[in-house]
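Heads up, the sequence shown is in our numbering, so the first residue is 42 and it goes up one at a time.
Positions of the beta carbon are idealized from the N, C-alpha and C atoms, including for glycine.
Every value quoted in this text rests on a predicted model; they were computed, and no experiment measured them.
Notes for the one structure printed next.
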Amino acid sequence: VFTLHGHVWQWNPYKNDSREIGDNSLSQWQGSRDNHGSTDHFDLVVDKAGGEGGQAGDYLYTVFQPLQASTGAWGIFRVGDSNPQLQPNAACTPVKAPPGYVAPLPKDDLNRFIRQPYNKAPRPS
Numbered sequence: 042v043f044t045l046h047g048h049v050w051q052w053n054p055y056k057n058d059s060r061e062i063g064d065n066s067l068s069q070w071q072g073s074r075d076n077h078g079s080t081d082h083f084d085l086v087v088d089k090a091g092g093e094g095g096q097a098g099d100y101l102y103t104v105f106q107p108l109q110a111s112t113g114a115w116g117i118f119r120v121g122d123s124n125p126q127l128q129p130n131a132a133c134t135p136v137k138a139p140p141g142y143v144a145p146l147p148k149d150d151l152n153r154f155i156r157q158p159y160n161k162a163p164r165p166s
């Protein structure tokens, strides 16, 4: 299963008797595509980069099975701001960790998809 988080696209993005790629008002919309294999192909046309709200940022595209994702079947779909003068490099602004935070080393490749907690202090009883 192929997914592009936060986005949908047309199943059949073809117009002019399927001679051109473009908006097809008769096509259904989908947010993932199943039965995707080594010989499959499809045209994915994103109508609104940044999802319905048009938000700048990084969006994950990946496969459903974590074991395939851990071997490299994933990537980043980067959406920039439509007006860079308002927020320069908004999609690339790093998030600052709290002082003293040290990111833990992953135990295996699958752990790179799991966000570690900032606060490891025990919960109050």
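Cβ-Cβ distance between S68 and Q51 below 7 Å: Note that the C-beta distance between S68 and Q51 is below 7 Å.
DSSP three-state assignment for S73, whether helix, strand or coil: If DSSP states are grouped into helix, strand and coil, S73 belongs with the strands.
Sequence-distant residues of the same chain with beta carbon closer than 8 Å to Y142, five excluded per side: Cβ neighbours of Y142 beyond the five flanking positions: Y159.
Burial state of G95 (16 or more Cβ within 10 Å): Under this definition G95 is an exposed residue.
Strand pairing of Q51, partner residues [DSSP]: Looking at the DSSP assignment, Q51 forms a beta bridge with W70.
Which residues DSSP lists as bridging T103, in chain order: Looking at the DSSP assignment, T103 forms a beta bridge with T44 and W115.
Separation of D99 from D81, as counted between CA atoms: Rounded to the nearest whole angstrom, the CA to CA distance from D81 to D99 is 26 Å.
Alpha-carbon to alpha-carbon, H46 and S111: Each residue's Cα considered, the two are about 17 Å apart.
Contacting residues, own chain, Cβ-Cβ under 6 Å from Y102 (five flanking each side not counted): The residues are L45, G116 and F118.
Alpha carbon of N76 to alpha carbon of V42, nearest angstrom: Going from the Cα of N76 to the Cα of V42 covers about 6 Å.
Distance CB(W70)-CB(V49) smaller than 7 Å: Between W70 and V49, the gap from beta carbon to beta carbon is short of 7 Å.
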